[in-house]
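Q: Before I ask anything, let me first share the structure, which is written out below as structure tokens.
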Amino acid sequence: MSSEILINSTSYEIRIALVENGQLAEFHIQRPKGKGLVGNIYRGRVVRVLPGMQAAFVDIGLERTGFLYVDDVYVSNDDLDSRMMKGSDPCGKLEFNSSIPDLDITRAPDMSIESMLSEGQEITVQVGKDPIGTKGARLTCHITLPCRNLVFMPLTDHIGISRKIQNDKIRQTLKERIESLRPAGTGFIVRTVAENATAEELEADMEFLLLLWDEIQDISKQTSTIPAMIYKDLDITFRSVRDLFTEEVRSLILDDKKTYEKLLNFVQTFAPKLQNRISYYDGEAPLFEAHGIDIEINRALEKKVWFRSGGYIIIETTEALSVIDVNTGRFVGKNDLEETIFKTNMEAVKEIAYQLRLRNIGGIIIIDFIDMENPRHREELFNSFKEAVKKDKSRINILKLSEFGLVQMTRKRNCENLNQMMCEPCHYCAGEGVLKSRRTICYEIFRKISRKARNHRGVNIILTVHPRVADMLLKEEESVTIELEEEIGKRLTIVPSKKFHIEKYEIHWSK
């Protein structure tokens, strides 16, 4: 499989595309006003303990408190014994200090949330899932620090090997190497990319992660203001190298010179073998346009996805549940109804697996395949679907087809899906549908003007847009608008028009 990573970087938005065999497989986006929080570590304060839900709400300095479930609470045995001696004293602190190499970190399965946490207590937590919709961030005390080849778990005594490394001999060799290197009482997971890593590369990653954890603990001890962030994970560009740049990826292409130089410096330190696979793009056409990525992104926002045969799927997503409906559409088959249905379902299997990954659809997912009477067809469909989702890095659980032809599954999600990131509720239909968000429209306009500016001699640009888009251009995105004028050397006049649909705009060039 031949893959490449494309990174379109601007001051207002970073877009990352993973392309496999010429097809967009994953799309990630980061905007300064909505940076992801997953991986960040905070020193927070418990504001409410809920025995009835066996959970707690923790203030980490965000707009909404984070949610900490009982299974994600970890306390040291020393602190636990101390608290038991004190009884239910709400002032008893539950600190952990894993700088002691042989400290045994435990959460007894029969312990309740109220026996471990109390209101006002200070606690160190990591964001495991971004705020989604009306829900706050999902938190955990089980800290994980990822690097290129390893994931460090300072509070867990465990060695894990990626399930995608299937060679038993390699798995055993990697486990023995980690066992000989790791400090007692700490945990490491060997990532898929480390399958061919040398002992020196594993040791270098481990040394970096141990030093990083020491630094995080020092910052935590010195922090006087609570809540406070004590560690910030890498930004999306560097994470793309850490998490996406596998052996199958032949190249990483960037279109911003400063980002390109920063990434080269980063790679020289953490993965020098990747340097010759990173290149700077300065072509005439924009990077994403030259590779057809923008078209694929727009398609990924549509509810209906057509197959080549004429069948299609409909994707409906709510906050916690997504439903995918399979239909024969224009496909009428050649022989009999059962064969037509089977072919449509088998085509849907590949498309659904692709769309789940591309759109980052998570949570509970119900797939309504067209009902089939033949048990052999039902079994083949289920096995094909399990095989189709193996490329997906997210954790997936799939149940057998029900009698109604339904597949129930879950897919782990750490952040908003593509639709939630790029769209907003439609104010024309009281939120029943969605439109492109005003910010997405603004950035689309910026890209179009930047692309066409070099071919126009005019010094003035008249931009006619919906009043709500005009308001964002003149207020929240004013700095970017001014920056764009300076970049292209032309004056931009924004004209609001109530007659325009919010997604419609017109650009006129004049002398």
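Using the numbering used here, the first residue of the sequence shown is number 965, and each one after it goes up by one.
Here a beta-carbon is modelled for each residue, glycine too, at the ideal position from N, C-alpha and C.
Computed from a predicted model, the values in this text were never measured in an experiment.
Where does C1393 land, buried or exposed, given buried means 16+ other C-beta within 10 angstroms?
A: That one is exposed.
Q: When you compare each of G1084, Y1224, E1179 to N972 by their alpha carbons, which one comes out closest?
A: Y1224
Q: When burial is assigned at 16 or more other CB atoms within 10 Å of the CB, is L1285 buried or exposed?
A: exposed
Q: Tell me the DSSP secondary structure of I1129 in three-state form.
A: Reduced to three states, the DSSP call for I1129 is coil.
Q: Quick check on the DSSP output: the alpha helix (DSSP H) that includes A1249 runs from which residue to which?
A: That residue, A1249, is in no alpha helix (DSSP H); it is neither H nor E in DSSP.
Q: Between the stretch 1419-1426 and the stretch 1266-1278, can you find at least three pairs of beta-carbon atoms closer than 8 Å?
A: no
Q: Mark W1296 as exposed unless 16 or more other C-beta atoms lie within 10 angstroms of its C-beta, in which case mark it buried.
A: According to the sequence provided, residue 1296 is Val. The question's Trp does not apply to it. Exposed is the call here.
Q: Given a threshold of 16 other Cβ atoms within 10 Å of its Cβ, counted over all protein chains shown, does N1381 qualify as buried or as exposed?
A: buried
Q: In the DSSP assignment, find the unbroken beta strand (DSSP E) run with E1280 in it and report its ends.
A: E1280 -> beta strand (DSSP E) spans 1276-1281.
Q: By DSSP, does M1336 sit in helix, in strand, or in coil?
A: coil
Q: Considering only residues of the same chain and omitting the five flanking positions on each side of V983, which have a CB-CB separation below 8 Å?
A: Excluding sequence neighbours, V983 sits near S967, E968, I969, L970, A989, H1255, I1257.
Q: Near C1387, what residues of its chain come up, given a Cβ to Cβ distance below 7 Å and the 5 sequence neighbours on each side ignored?
A: L1265, V1398, L1399, K1400, S1401
Q: Restricting to Cα atoms, I'd like to know which of K1222, L1173, F1234 is closest to R1206.
A: F1234
Q: Give the range of the alpha helix (DSSP H) segment to which T1308 is assigned.
A: Where T1308 is concerned, the enclosing alpha helix (DSSP H) stretches over 1301-1323.
Q: I need the straight-line Cα distance from M1049 to D1178, nearest angstrom please.
A: Caution is warranted here: a pLDDT of 41 is assigned to M1049, below 50, making its placement in the model unreliable, and no coordinate value can be reported.
Q: For the candidate residues R1112, D1335, L1208, whose alpha-carbon lies nearest to that of A1161?
A: Looking at R1112, D1335, L1208, the one whose alpha-carbon comes closest to that of A1161 is R1112.
Q: Nearest by alpha-carbon distance to H1122: which of E1449, R1377, L1114 is it?
A: L1114
Q: Below 8 Å, can you find three or more Cβ-Cβ pairs linking the stretch 1130-1148 to the stretch 1097-1108?
A: no
Q: The alpha helix (DSSP H) with Y1407 in it runs from where to where?
A: 1402-1417
Q: Near K1128, which residues of its chain fall below 7 Å by C-beta distance, leaving aside the five closest residues on each side in sequence?
A: T1156
Q: So what's E1233 in DSSP terms, helix, strand or just coil?
A: Position check: residue 1233 holds Thr in this sequence, whereas Glu was assumed. If DSSP states are grouped into helix, strand and coil, T1233 belongs with the helices.
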